[in-house]
Every structure is written in structure tokens, then in C-alpha cells.
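There are 2 protein chains.
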Amino acid sequence: MHRRRHPVENSNHLKNIVDDAASITAVVKAAMSQTDNPRLKEILDALVDHGHAFLKQVKLTDEEFEKGLDFVRAVGLACNDKHNEVVLLADVLGLSTLVTLLNNSDASGRTPGALLGPFYRGDSPKYANGECIACANSPGSPLFVNGRVLNTKGEPVANAKVDVWQASPVGLYENQDSSQPDKNLRGHFYTDSEGRFTCKSVRPAGYPVPTDGPVGVLLESQNRHPFRPAHLHFVIIAEGYATLVSQVFADDSEHLHSDVVFGVNRRLVGTFERHDHGTGPRQEVDRPYYTLDYDFVLAEGTPTYPTPPIK
Amino acid sequence: MHRRRHPVENSNHLKNIVDDAASITAVVKAAMSQTDNPRLKEILDALVDHGHAFLKQVKLTDEEFEKGLDFVRAVGLACNDKHNEVVLLADVLGLSTLVTLLNNSDASGRTPGALLGPFYRGDSPKYANGECIACANSPGSPLFVNGRVLNTKGEPVANAKVDVWQASPVGLYENQDSSQPDKNLRGHFYTDSEGRFTCKSVRPAGYPVPTDGPVGVLLESQNRHPFRPAHLHFVIIAEGYATLVSQVFADDSEHLHSDVVFGVNRRLVGTFERHDHGTGPRQEVDRPYYTLDYDFVLAEGTPTYPTPPIK
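As you go down the protein sequences, you meet chains A and B in turn. Number 133 in full-length UniProt numbering belongs to position 133 of the first sequence; there are no gaps in the numbering. Number 284 in full-length UniProt numbering belongs to position 284 of the second sequence; there are no gaps in the numbering.
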């Protein structure tokens with residue numbers, strides 16, 4: 001009655017059977033081989049290869065695996081209509097910036113892309129060149145942005161739509177801060193025939209990413225601060241050019257060397273030049289102020305329109 | 001005024017700046033280098049290495065990345081008190097079985113581990129050897145399990161607690177199915193001095209994993225069926241031995257070669273031997289019935305007590 005206790009152990013008729021850690025990856029990929037979309041198959045094959053290699057390399061224990069799955073679950077459950085903790089996790093592991101660089105950065109001379117971020121709104125007010133996007137009596141140091149939009153041949157791009165948004169001098173976007181008017185520190189401009197736009201504002205401050213979720217716990221365990229250096233966001237859209245989504249960082253910002261989401265690129269650091277009041281190009285200004293001169297370079301292509309994470 | 005438009009582009013004083021896709025991985029790992037727990041650091045370094053290598057290998061587009069993050073978010077948000085979609089995702093990518101094999105399988109001769117699964121309850125009823133864990137008048141074919149628990153020297157392990165649970169002949173666990181009594185098809189036995197236990201039951205059926213969440217969409221896109229082959233779950237706990245969490249699969253089960261969670265191991269396939277009524281070892285049975293003879297082999301170690309995913 002007990003004659004066959006492991007009856008098929010030595011049989012070869014079992015296909016797609018996982019015998020050990022060495023055989024499982026091929027079995028999983030065989031199971032996924034009927035995927036209709038070849039690109040999806042390529043991506044998932046690579047994900048399985050790297051996911052399995054990761055587990056084998058660190059020989060994750062059952063308990064560690066369970067903790068890891070619990071963490072992912074908590075990250076998902078921390079998402080709501082106004083916050084995406086999954087994106088935040090991808091950001092603090094450098095995944096988001098890596099994808100941006102893979103797709104929006106090359107040797108053509110164009111300005112590298114940077115993250116759109118969670119605070120973009122697609123419907124900013126239109127301003128004429130020279131107008132101010134900060135509300136009246138805004139605190140903080142005045143900032144005068146003198147921008148140019150060029151193509152990779154150095155020629156001006158006229159009539160480019162330049163959408164700019166930024167945090168306030170205390171590091172809050174208007175939709176995080178009930179003390180700011182709606183759409184404060186957001187606006188779009190159009191470049192003139194020389195590719196120039198000019199925008200008045202106030203200096204933004206750096207700010208922390210949200211730390212009240214599981215990603216905050218992760219940063220804490222890594223002894224990392226949660227700050228981004230001060231920056232301005234830009235989306236530049238022009239006929240005949242690939243849309244540029246980027247950020248320009250203040251060269252004197254405290255966390256320039258340790259952006260928690262790894263967005264600082266040498267090319268994206270702008271000189272925020274300080275002027276005493278009564279001196280420099282805006283002698284009429286009654287406080288110390290800053291100027292930022294920055295050239296954006298667009299690659300030829302077809303415009304795309306980023307989807308606002310916040311409606 | 002426009003004299004310094006990319007002022008720090010050629011400067012070397014910027015540390016930890018991400019210039020391109022080639023430099024980011026080192027910058028992220030530098031940022032994580034102050035992690036207190038060395039094991040956490042090792043795991044996250046490897047995760048970043050493999051995650052970045054994956055993104056570079058497939059050159060994930062911005063749009064694909066966004067879709068991927070949305071998928072992870074949906075997986076997290078599909079979790080609730082009774083269901084863990086994150087675990088399900090790990091299962092269908094072979095990650096869970098790989099971790100089980102890395103930690104619960106070796107050349108010692110012990111029975112390989114398999115997934116605990118989401119249906120384990122820690123408080124099954126105690127039965128005497130030979131008793132039936134199926135309710136009276138249960139549909140399905142009777143099943144007689146003749147088990148032995150041995151150590152790696154082939155010696156019997158007496159007084160081992162053998163916890164068994166299974167789906168019904170229609171493929172539902174009692175806590176998924178209001179037509180079954182509470183704790184139907186669950187029970188624990190103790191081995192005798194020869195290491196034997198005997199359990200009467202009914203043949204389980206295979207069943208699909210839940211497909212109403214994002215993982216179901218993934219399986220559909222891969223043209224994969226969602227079924228697990230028919231199996232019995234076991235947890236075996238004995239003094240002086242590492243706890244065995246495993247499953248035994250029916251050798252004639254429809255999806256034996258394509259378990260959606262990759263749990264089938266050659267060593268874990270048991271012969272479900274069919275007998276006509278009035279024949280074989282249980283001639284008194286009035287219907288066709290099955291016998292399963294199976295030896296479990298425990299490795300020496302310290303018992304652990306699995307946490308029930310469902311209380």
C-alpha cells in the first residue's frame with residue numbers, strides 16, 4: 001500500500017514544474033509566453049528576470065518578503081485622490097528620474113527633462129511678458145526670470161507657450177496652502193520673435209516631500225532628509241518641437257546636492273543672482289532681489305500635452 | 001546680463017548630481033549609504049540596482065512607466081481585510097514560490113516547502129487518526145490520506161502536529177462558501193509512534209485565484225488561465241524540527257502543469273489512486289474513492305508557528 005510514496009519524482013513527463021530556485025524563472029517566462037502584446041511581454045519578461053535575480057542575490061527570507069509585501073500594500077493604500085504614494089516611492093528610489101532621463105535627455109544639446117511632479121495644473125492663467133505671477137504683497141524676495149527658448153541650432157523659437165509654476169517662499173504650492181489665492185505662482189507666457197519671455201515672481205523655497213506615509217518611514221530608516229532644493233517648474237510647448245517638461249534649480253539652494261528625488265541635473269542648475277536694492281538691472285526694486293537668466297533648448301518633434309496629476 | 005546662461009554646467013563642485021542615466025544609480029546608492037540596518041541597506045541597494053537595470057534594459061517610456069505605477073497603485077488599493085492583491089501579484093510572477101524555495105528547499109532530502117496561501121486559519125479542530133474532516137453527506141469522492149512524517153535519516157517523527165486544510169470538491173474553502181459548516185475540511189492530527197497519521201476527507205478540486213482585480217487583468221493580457229491544480233495544504237510542527245509549510249498536489253489534476261502561482265514541485269505531486277467501490281483497501285466504501293499515501297520529511301531545526309493571514 002505504501003509502494004509509491006514520491007511516484008513522479010523521477011519522471012520526465014512533468015513539464016513546467018518548478019523543481020528549485022534555479023528552474024522557476026524559465027517556467028514563469030514560459031507561462032507568460034502567450035502574451036499578445038509583444039512590448040508588454042518584453043517588459044514583463046525583463047521584470048521577472050530582474051525581480052527573480054534580486055530575490056536570489058539577497059536571498060530574501062520569508063519574513064523579509066512578507067515585510068516587503070506589507071510595505072507595498074501600505075504604499076498602495078496610502079494613495080488617494082490628492083496623493084500618490086506609489087509615485088513618491090518611485091521618486092525617492094530614483095526610478096522616476098531615471099525614466100525621465102532615458103526618454104528626455106540626449107546629446108542633441110536639448111535641455112534635459114525633469115519630473116512633472118504632483119503639483120502641475122493644466123489650466124494656469126495667461127500672462128503678458130514681464131507680468132508677475134505672485135499675488136500682490138507676496139512675501140519673499142522678488143525674482144525676475146529672463147528666459148529664452150531656442151532650438152538645437154541655437155535659433156530662437158517664437159510663440160512657444162511657457163508654463164511656469166513654483167512653490168512659495170515658504171515652500172508651499174498654492175493648492176497646498178489656503179493662505180494663497182487660487183493659481184498663485186502659476187502662469188503661462190508666450191515667447192516673442194527672439195524666443196524671449198520674462199516673468200516676475202518671488203523666489204521659491206525648497207520643501208519636503210510628504211513623510212506621513214510608508215515612504216516617510218523608509219526615508220527615516222535610511223537617515224535621509226525629505227527635502228527638494230528650491231526650483232521652478234516649466235512646461236514648454238511649441239509647434240514642431242517635442243514638449244519640454246523640466247525644472248530649474250536655484251544654485252544656492254540648501255539641498256542642491258541631495259535632492260530627495262534625484263532631479264538635479266548639472267544642466268538644470270540656474271544662477272539665481274542676488275542684487276541689492278537700487279542696484280543691478282532693476283534699480284527700481286525696493287528690496288534685495290534676484291535675477292535668473294536661463295536658456296531652454298527644444299528638440300525637434302511633435303508636441304505632447306502632459307496630463308495634470310491634479311485636476 | 002545674459003553672460004552666464006548655464007553657469008555650472010562645466011563645474012566640478014557639484015557632488016551627487018545626476019547628469020544622465022548612467023550616473024543615477026551610484027547617486028541613489030550614495031544617498032542610501034547612511035542606512036542604519038546593514039541588511040536593509042543590502043536589500044535596498046540590490047533593489048535599486050535591479051530596478052534601474054530593468055528600466056534601462058527595456059528603456060521604459062514615460063507613458064509605460066506611468067501605466068506601471070498606476071497598476072501598482074491599483075494593486076495596493078485592491079487590498080482589504082480579507083484580500084491581499086499584492087501577495088497575489090507576487091504569486092503570479094513566481095516571486096512568492098521563489099522565496100519559499102530559497103528558504104525551504106535544499107539537498108537534505110526534506111520535503112520542499114510551498115506557499116501557506118491566503119486560506120490558512122490557525123485554529124483548526126483536533127481529530128483522532130482516521131477521523132473525517134469533511135462534514136457529513138459531503139459531496140465528492142472520498143479520500144483517504146495515509147501519511148508518514150519522517151526525519152532526513154528516514155526515522156519516524158512521533159507526536160508531530162499535522163494541520164491539513166483544503167478546498168471542497170467544487171474548489172471553495174469553507175470561509176469562501178456559506179454552504180459549508182465553519183471549519184469544514186480543516187483539522188489537525190498527531191502522528192503515532194511510527195510517525196503515521198490517517199485522515200479521511202473528500203477530494204479537493206482545483207480553483208481559480210481571484211480575477212476581479214488588476215492581477216486578473218494582467219493574467220488576461222498574458223492569456224493565462226487563473227487556476228491552481230487540486231491540492232491539500234499541510235503545516236507540520238514537531239519538537240526539534242523546522243516547521244514544514246507545504247502542499248501536496250493531485251497527480252491527475254487538470255492544471256498540474258500550469259499552476260498559476262507556480263507552486264507545483266515534482267516532490268510535492270502525490271498519487272491520488274482511484275479505487276472502484278468494493279475494491280482496494282477500503283472495500284466498505286459505497287462509492288469510488290481515492291487513496292493518497294505520502295511521506296513528509298522534516299529537517300532538524302526549531303519549530304516556528306505561521307501567522308494565519310485570515311483570523
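For each residue, glycine too, the CB sits at the ideal point set by N, CA and C. What you are looking at is a predicted structure, and each value in this text was computed from that prediction instead of being measured.
- Secondary structure note for Q57(B): its alpha helix (DSSP H) is the uninterrupted segment P38 to V58.
- Taking C-beta separations shorter than 8 Å and ignoring five residues to either side along the sequence, the partners of L44(B) in its chain run M32 and T35, following chain order.
- One thing to note: V202(A) has its Cβ within 7 Å of the Cβ of A134(A).
- The beta-carbon of G213(B) is placed no less than 7 Å from the nearest beta-carbon of chain A.
- By a beta-carbon distance limit of 8 Å, V145(A) does not contact V157(A). Their separation comes to about 17 Å.
- The alpha helix (DSSP H) runs of length 4 or more contained entirely in the segment 172-228 of chain A are, from start to end of the chain, 214-221.
- By the beta-carbon neighbour count (other beta carbons within 10 angstroms, threshold 16), G130(A) is exposed.
- Taking T25(B) as reference, the option from D177(B), H52(B) and V264(B) with the minimal CA-CA separation is H52(B).
- With 16 or more other Cβ atoms inside 10 Å of its own Cβ, G113(B) counts as buried.
- Cβ atoms of L95(A) and V245(A) stay farther apart than 8 Å, at about 17 Å.
- According to the DSSP assignment, N103(B) belongs to the alpha helix (DSSP H) that extends over L95 to N103.
- Neighbours of R73(A) in chain B, taken as residues whose beta carbon is under 7 Å from its own, are G76, C79, N84 and V86 in chain order.
- With the criterion set as a beta carbon lying under 7 Å from some beta carbon of chain B, the members of the segment 192-223 of chain A are S221, Q222 and N223, in sequence order.
- Contact fails between the segment 182-196 of chain A and the segment 208-227 of chain A, because fewer than three Cβ pairs, one in each stretch, are under 8 Å apart.
- Between the segment 230-247 of chain A and the segment 165-173 of chain A, the count of C-beta pairs closer than 8 Å reaches three or more; the two stretches touch.
- In this structure, the CA atom of V86(B) is about 34 Å from the CA atom of S138(B).
- Per DSSP, A74(A) has no beta-bridge partner at all.
- Nearest Cα to F189(A) within the set S124(A), D106(A) and N84(A): S124(A).
- Comparing alpha carbon positions, the residue from E64(A), L298(A), R287(A) and L47(A) closest to G240(A) is L298(A).
- Taking a C-beta distance under 7 Å as the contact criterion, F272(B) and V18(A) do not qualify as a contact pair.
- When DSSP states are grouped into helix, strand and coil, E85(A) belongs to the helix group.
- When secondary structure is reduced to three states using DSSP, A31(A) falls in the helix class.
- Taking all protein chains shown into account, D81(A) has fewer than 16 neighbouring C-beta atoms within 10 Å of its C-beta and is therefore exposed.
- Under the DSSP definition of a beta bridge, F272(B) partners with L292(B).
- Using a Cβ-Cβ cut-off of 9 Å, D276(B) is close to nothing in chain A; its nearest Cβ partner there is about 16 Å away.
- In the three-state reduction of the DSSP assignment, F262(B) falls in the coil class, being assigned neither a helical nor a strand state.
- Around the beta carbon of V162(A), 16 or more other beta carbons sit within 10 angstroms, so the residue counts as buried.
- Secondary structure at V145(B): strand, using DSSP grouped into helix, strand and coil.
- F296(A) sits away from T97(A), with the two beta carbons spaced by 7 Å or more.
- Rounded to whole angstroms, T302(A) and D106(B) show a C-alpha spacing of 56 Å.
- Taking each of L219(B), G278(B) and R282(B) in turn and checking the Cα distance to D91(B), the smallest one comes out for L219(B).
- Close to S105(A), with beta-carbon spacing below 8 Å, are these residues of chain B in chain order: D20 and A21.
- Rounded to whole angstroms, the separation of the alpha carbons of N151(A) and S108(A) is 10 Å.
- Within the DSSP secondary-structure output, L298(B) pairs in a beta bridge with N151(B).
- DSSP, reduced to helix, strand and coil, places D163(A) within a strand of the structure shown.
- Contact between Y289(A) and P118(A) is absent: CB atoms are separated by about 29 Å, not below the 8 Å threshold.
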